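Here is the structure we will look at.
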DNA sequence: AATTTTAGTCAGTTAAACTGACCAAAATTA
DNA sequence: TAATTTTGGTCAGTTTAACTGACTAAAATT
């Protein structure tokens with residue numbers, strides 16, 4: 010193979026992060042949590058989110074997002090409440106269990122990224138993040 | 010949301026690359042090619058690859074890889090030949106159509122990355138690639 | 001008041017992975 | 001060299017996570 014494209018690097022790094030996260034979560038008893046559940050935690054708003062808004066943030070259909078939140082609700086990570094302002098809508102909020110998982114996941118990812126930071130040095134790692142952010146924002 | 014982790018950036022950028030690639034390929038008539046087919050093209054060796062080796066490089070089971078190469082064979086991108094040195098094995102090689110697709114995909118990705126390079130400037134983009142490579146290699 | 005849009009569900013489909021059981025050829029070991 | 005184990009691959013069936021289409025009811029618009 011000649012020069013691998015940047016995409017190959019991006020994918021490998023992202024995969025290693027996700028694999029690590031779910032391996033660690035499984036070790037700590039959260040075996041039922043899958044990568045796609047992560048999207049829900051990532052996009053949940055403080056005072057509750059609607060399926061439609063989660064779906065649009067995560068870039069998937071509301072039917073698919075509906076399935077994800079239904080699973081998380083049944084597993085006790087989310088609570089379904091009625092939206093006081095809109096009789097059609099449903100608001101989901103994180104339960105205590107949900108908050109716990111979210112902060113554990115954050116911790117696991119932070120410590121994994123710590124290894125990246127150590128590999129490059131803090132300065133270079135900050136630089137890397139800045140460059141990535143610039144690309145994300147330019148899209 | 011507070012500071013997004015680096016993984017979020019990596020995923021967004023990778024997704025945009027893949028989405029662009031398959032949108033462009035579809036426009037040029039390769040609608041039948043899916044992201045997972047890309048793994049085959051990425052890991053194919055010059056003088057033919059075995060299912061087992063492709064599977065291991067791509068990090069999936071041989072059954073799954075078997076399905077992918079079967080599809081690509083039926084679509085005319087791969088040719089199945091017997092391995093002269095091993096009666097159990099099968100060698101797949103790219104057909105002319107397969108080579109064409111591979112080089113088109115490369116071109117599309119290169120020009121997409123070109124936009125990233127323009128956003129950051131060549132120097133910073135080279136730096137970014139170097140940092141990513143360092144992380145990939147440290148794994 | 002009638003119509004259209006929006007939030008969400010139900011039902012069914014598809015894509016892409018998985019496991020388990022198996023066969024035949026090759027490699028290893030006794 | 002014969003018996004056993006490993007390896008390359010297939011077949012059959014399952015699972016996960018997405019999808020589309022058709023629908024209901026509430027809200028917003030005309």
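Chains as they are written, first to last, in our numbering: chain Z, 10 to 148; chain S, 10 to 148.
Where is the CB? At the ideal position from N, CA and C, for every residue including glycine.
Since the model is a prediction, treat every value here as computed from it, not as a measurement.
Local Cβ density within 10 Å of residue i, reported as buried at 16 or more and exposed below that
{"i": "residue 35(Z)", "result": "exposed"}
{"i": "residue 105(Z)", "result": "exposed"}
{"i": "residue 107(Z)", "result": "buried"}
{"i": "residue 148(Z)", "result": "exposed"}
{"i": "residue 15(Z)", "result": "buried"}
{"i": "residue 83(Z)", "result": "exposed"}
{"i": "residue 118(Z)", "result": "buried"}
{"i": "residue 112(Z)", "result": "exposed"}
{"i": "residue 47(Z)", "result": "buried"}
Chain S within 9 Å of residue i, Cβ atoms only
{"i": "residue 32(Z)", "result": "no"}
{"i": "residue 122(Z)", "result": "yes"}
{"i": "residue 131(Z)", "result": "no"}
{"i": "residue 25(Z)", "result": "yes"}
{"i": "residue 15(Z)", "result": "yes"}
{"i": "residue 89(Z)", "result": "no"}
{"i": "residue 21(Z)", "result": "yes"}
{"i": "residue 36(Z)", "result": "no"}
{"i": "residue 115(Z)", "result": "yes"}
Rounded Cβ spacing between residue i and residue j (contact assumed at less than 8 Å)
{"i": "residue 129(S)", "j": "residue 140(Z)", "result": "6 Å"}
{"i": "residue 137(Z)", "j": "residue 137(S)", "result": "7 Å"}
{"i": "residue 66(S)", "j": "residue 78(S)", "result": "Actually they do not touch by this definition, with Cβ atoms about 13 Å apart."}
{"i": "residue 39(Z)", "j": "residue 110(Z)", "result": "6 Å"}
Within-9 Å CB hit, residue i to chain Z
{"i": "residue 143(S)", "result": "yes"}
{"i": "residue 56(S)", "result": "no"}
{"i": "residue 86(S)", "result": "no"}
{"i": "residue 64(S)", "result": "no"}
{"i": "residue 59(S)", "result": "no"}
{"i": "residue 51(S)", "result": "yes"}
Own chain residues within Cβ distance below 8 Å of residue i, not counting five before or after
{"i": "residue 31(S)", "result": "42, 43, 44"}
Residue range of the unbroken beta strand (DSSP E) whose run includes residue i
{"i": "residue 91(S)", "result": "87-91"}
{"i": "residue 103(S)", "result": "99-103"}
Boundaries of the alpha helix (DSSP H) in which residue i is found, first to last residue
{"i": "residue 80(S)", "result": "71-83"}
{"i": "residue 24(S)", "result": "15-36"}
{"i": "residue 139(Z)", "result": "131-147"}
{"i": "residue 96(S)", "result": "Run containing residue 96(S): none; DSSP gives neither H nor E here."}
{"i": "residue 47(S)", "result": "44-52"}
Close beta carbons around residue i, own chain, < 6 Å, minus the five adjacent residues each side
{"i": "residue 29(S)", "result": "121"}
{"i": "residue 75(Z)", "result": "60"}
Cβ-based neighbour list, residue i, same chain, cut-off 7 Å, excluding 5 preceding and 5 following
{"i": "residue 89(S)", "result": "82, 99, 101"}
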